[in-house]
Amino acid sequence: MTIASLIDPIPAGNGSVHLTHAQSWMQGRTLYGGASALIAYTAAIRAFADLPPLRAGQIGFVAPVGESFAVATTMIRQGRNVTQLRSELLSEGRVALTAFWLFGAGREPNAIHAASPPEDWAGPPEDAEPVMADKGPAFIRENFELRRAQDQRGPGAPVVRRWARLTDRNILDPVSECILMGDVMPPGAIRAMVRQGPISSINWSFNLLEPQPSTADGWWMSENSSTHADHGYSSERLRLWNSDGRQVLDGLQCAAIFG
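Residue numbers (numbering that gives the first Met the number 0): 0 to 258.
Encoded structure:
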């Protein structure tokens, strides 16, 4: 299933959606989180025209999203500079994903502070070792190319960092691409798990640091790091940098750690 076939069925308003060949974007019983978030974002920007740049998103993964669902989008408030929308994916009439989007027009800055560059820079993606080429979830194998961006392998510090790019590139605008890419890594807590078991994203909240992010050859460096894990959950920080080491997305996530 191409990216175009993932978003082309999304209507410019509320309505039903059926995805053909959705299996290539599935993660277990549900669509990969970045794919379902992209669908919700696409529904929002198609429902309302002339929006300012996206600044932030808050996404709740409530229940599994399969190949058939409905989309519903609501304008919460449209101010002079900031517009806030809500979009939902409904499965059998019940909310399966809820997303809150904040769009904001640019203003003359009164504070300027650049995000810190990544620690332990592993070098450019062109020199990095390919990983996960023939293993991992089907949605990874069929839709992403991953390369190593950290020396650590196996158990240890709860951080997972990889270079990633879409195999089907030049389809999405850069903001949509970052939404699709932003949740691609497993939780950093996977490196601290005592035994193997399922993991599942529960929510994802992010700030977009660049209104028009860009990178070279489609490569983004994605990192998930667990800041605390206990009681079956992990609090994760999700970050995305471009090929020059400039951070473009900063996020938080709660992940369920089973097993």
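For every residue, glycine included, the Cβ atom is placed at its ideal position computed from N, Cα and C.
**Prompt:** Name the DSSP beta bridge partners of residue 17, please?
**Reply:** 67
**Request:** Determine the extent of the beta strand (DSSP E) in which residue 287 is found, giving its start and end residues.
**Result:** Look at the range of the chain in this structure, 0 to 258, and you will see that residue 287 is not part of it.
**Message:** Just to confirm, is the Cβ distance from residue 164 to residue 105 under 8 Å?
**Reply:** no
**Asked** Where residue 270 and residue 69 are concerned, what is the direct C-alpha to C-alpha distance, given to the nearest angstrom?
**Response** Limits of the chain in this structure are 0 at one end and 258 at the other, which puts residue 270 out of reach.
**Asked** CB-CB under 6 Å to residue 43, same chain, minus the five flanking residues each way: which ones, in chain order?
**Response** Within the same chain, residue 43 has close Cβ partners 72, 84, 86 and 100.
**Prompt:** Three or more C-beta pairs closer than 8 Å, one from the region 146 to 162 and one from the region 22 to 30: is that the case here?
**Reply:** no
**Asked** For the alpha helix (DSSP H) that residue 4 lies in, which residues bound it at each end?
**Response** 2 to 6
**Asked** Within 10 angstroms of its Cβ, does residue 235 collect 16 or more other Cβ (buried), or is it exposed?
**Response** buried
**Request:** Assign residue 28 to buried or exposed, taking buried as 16 or more other Cβ atoms, counted over all protein chains shown, within 10 Å of its Cβ.
**Result:** It is exposed - the Cβ of residue 28 has fewer than 16 other Cβ atoms within 10 Å.
**Three-way DSSP call (helix, strand, coil) for residue 214 in this model** = DSSP places residue 214 in coil when its eight states are reduced to three.
**Message:** Does chain D have any CB closer than 8 Å to the CB of residue 113?
**Reply:** No chain D is part of this structure, which consists of one protein chain only.
**Request:** Return the chain-ordered list of same chain residues with a C-beta closer than 7 Å to the C-beta of residue 194, the five sequence neighbours on each side being excluded.
**Result:** Excluding residues within five positions, the ones whose Cβ falls inside 7 Å are 258.
**Asked** Which of the three DSSP states, helix, strand or coil, is assigned to residue 31?
**Response** coil
**Request:** Reducing DSSP to helix, strand and coil, say where residue 23 ends up.
**Result:** helix
**Item:** Nearest to residue 251 (by Cα), restricted to the options 224, 15, 16 and 242
**Value:** 224
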